[in-house]
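Numbering-wise, the sequence shown is residues 11 to 214 according to our numbering.
The beta-carbon is built from N, C-alpha and C at its ideal position, and this holds for glycine as well.
Since this is a predicted model, take the numbers as computed values, not measurements.
Shown next, in structure tokens, is the structure this report addresses.
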Amino acid sequence: MSDQAPSPPPPASPPPAAAPKAPLKSIQQREVDESKVWSLWFTRREFLTLAAWGAFLAWLGGSLLAALRFFIPQITYDPSTLFKIGPPEDYLPGTVDERWKKKRRIWVVRDTSAEGGGLYVIFARCTHLGCTPNWLEGQNKFKCPCHGSGFRRVGINFEGPAPRPLERCQLRLAEDGQVLVDVGNRYKNPKDWKKPDAYLKVTV
Ligand code: FES
């Protein structure tokens, strides 16, 4: 029998280190260079193809719009040359009424009773170069601010470069008793100024 003590058991070897886990796929995706994110959705070739189609469609749309604008006429409607200015009694004898000058470019002139009491309409455009004259009540005349032409109350030119009288508009009494004016039809010659559709006789 041996008196030798039994040798101690060898120390337990440390457990093997756990193998590092492989990073999750989602983490890998976050580490992808952001400048190449588009490549996750499109290849470069697909991206260029889509861009080319987008540019082509934008060009096509613009061309179609331009063609439509060309074929659809751009119509602008002028206000009618015919309009009513109320009954003759609205205009006092012996006055040049300017209420329609700004809107319709006319003066409504009513003769005095001694002159016959009739009513006519003068187109407010200078016969020199087309400026709009002013009515000067104190001087009883129309005066053009552009080159100084002057016109008497009846519209006859008497000073400045205007070569002829102011024009008169056609007018008549409408069925409802209002004066109907047509600025599209005007008389240039004073010989026509006493025509029934140039001078409205007023009976009051
Ligand atoms: S436009 Fe009236 S005087 Fe010349």
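Item	Value
Report, in whole angstroms, the separation of the C-beta atoms of Ile176 and Ile132, which I expect to be a contact under 8 Å.	For the sequence presented, residue 176 should be read as Leu rather than Ile. Leu176 to Ile132, Cβ: 5 Å. Contact.
On the DSSP bridge list, what partners appear for Asn144?	Lys153
In the DSSP assignment, the alpha helix (DSSP H) including Lys94 goes from what residue to what residue?	Premise fails: Lys94 lies in the beta strand (DSSP E), 92-94, not in any alpha helix (DSSP H).
Can you list every residue whose CB sits closer than 7 Å to some heavy atom of the ligand FES, going in chain order?	Cys136, His138, Leu139, Gly140, Cys141, Pro143, Cys154, Cys156, His157, Gly158, Ser159, Gly170, Pro171, Ala172
Spatial neighbours of Phe161 within its chain, please: CB distance less than 6 Å, with the 5 preceding and 5 following residues excluded, ordered by chain position.	Phe152, Asn167, Leu176
In chain order, what residues of the same chain lie with their CB nearer than 8 Å to the CB of Arg196, ignoring the 5 residues before and after it?	Phe133, Glu177, Arg178, Cys179, Gln180
Enumerate, from N- to C-terminal direction, the unbroken alpha helix (DSSP H) stretches of 4 or more residues contained entirely within the segment 95-125.	111-114
Can you grab the Cα-Cα spacing for the pair Gly165 / Pro98, in whole Å?	20 Å
So, for Cys141: in the same chain, excluding its five sequence neighbours on each side, which residues have a beta-carbon less than 7 Å away from its beta-carbon?	Cys154, Pro155, Cys156
Helix, strand or coil for Asp192 per DSSP?	strand
Please tell me whether Asn150 and Arg163 are closer than 8 Å, where the distance is taken between their beta carbons.	yes
Would a C-beta distance cut-off of 8 Å place Val212 and Arg114 closer than the cut-off?	no
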